[in-house]
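Here's the structure we're looking at; comments come further down.
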Amino acid sequence: MLQLLHSLRWLGMLFQAAEILSKEGISAEVINLRSIRPLDRAAINASVRKTNRLVTVEEGFPQHGVGAEICMSVVEDSFEYLDAPVERIAGADVPMPYAANLERLAVPQVEDIVRAAKRACYRSSSMAANA
Ligand SMILES: *[C@@H]1O[C@H](CO)[C@@H](O)[C@H](O)[C@H]1NC(C)=O
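According to mature numbering (1 follows the signal peptide of the UniProt record, and there is no 0), the residues represented by the sequence shown are -20 to -1, 1 to 111, in order.
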């Protein structure tokens, strides 16, 4: 499993998601790209060839985002290794709300990452709803 993150907040969320997934028998590889330019295409390529899956996680808008760029790099470098459609987790396509309860709905959460990873592994997400 390949994941992208931009800050320590995200790193924590990804490791939380990986832990939940591991309890369900799914081993997730978390990659902290640290920079989007240069983009570590070799690391992405190696991970996709190893895991045969890709889940990108970012806080920004989905359209024209980092996840889209990473996905294109995979199409160019290792498309034939993918065993499942790429999953992109991104912020909601709305202006960032000020209210904390609305912000939570606008940015990716651990359960969103778990659900996407399970989709990429063709696993039901019913257990994630209880996580
Ligand atoms: C992707 O990985 C394979 C296997 O290690 C390597 O042969 C290939 O050159 C890599 N491609 C890129 C663009 O990194």
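Heads up, the beta-carbon is just placed ideally off N, CA and C, and yes, glycines get one too.
When DSSP states are grouped into helix, strand and coil, Glu83 belongs to the helix group. For a cut-off of 8 Å, the C-beta gap from Ala48 to Glu67 is around 13 Å, too long to register as a contact. Of the residues assessed, Met76 falls on the exposed side of the cut-off, its CB having fewer than 16 other CB atoms within 10 angstroms. The Cβ atoms of Val54 and Leu82 lie no closer than 7 Å to each other.
Contact annotation, Ile93 with Val37: C-beta distance approximately 6 Å; criterion of less than 8 Å satisfied. Counting the other Cβ atoms within 10 Å of the Cβ of Gly45 gives 16 or more, which makes it buried.
Around the CB of Val28, 16 or more other CB atoms lie within 10 Å, so the residue is classed as buried.
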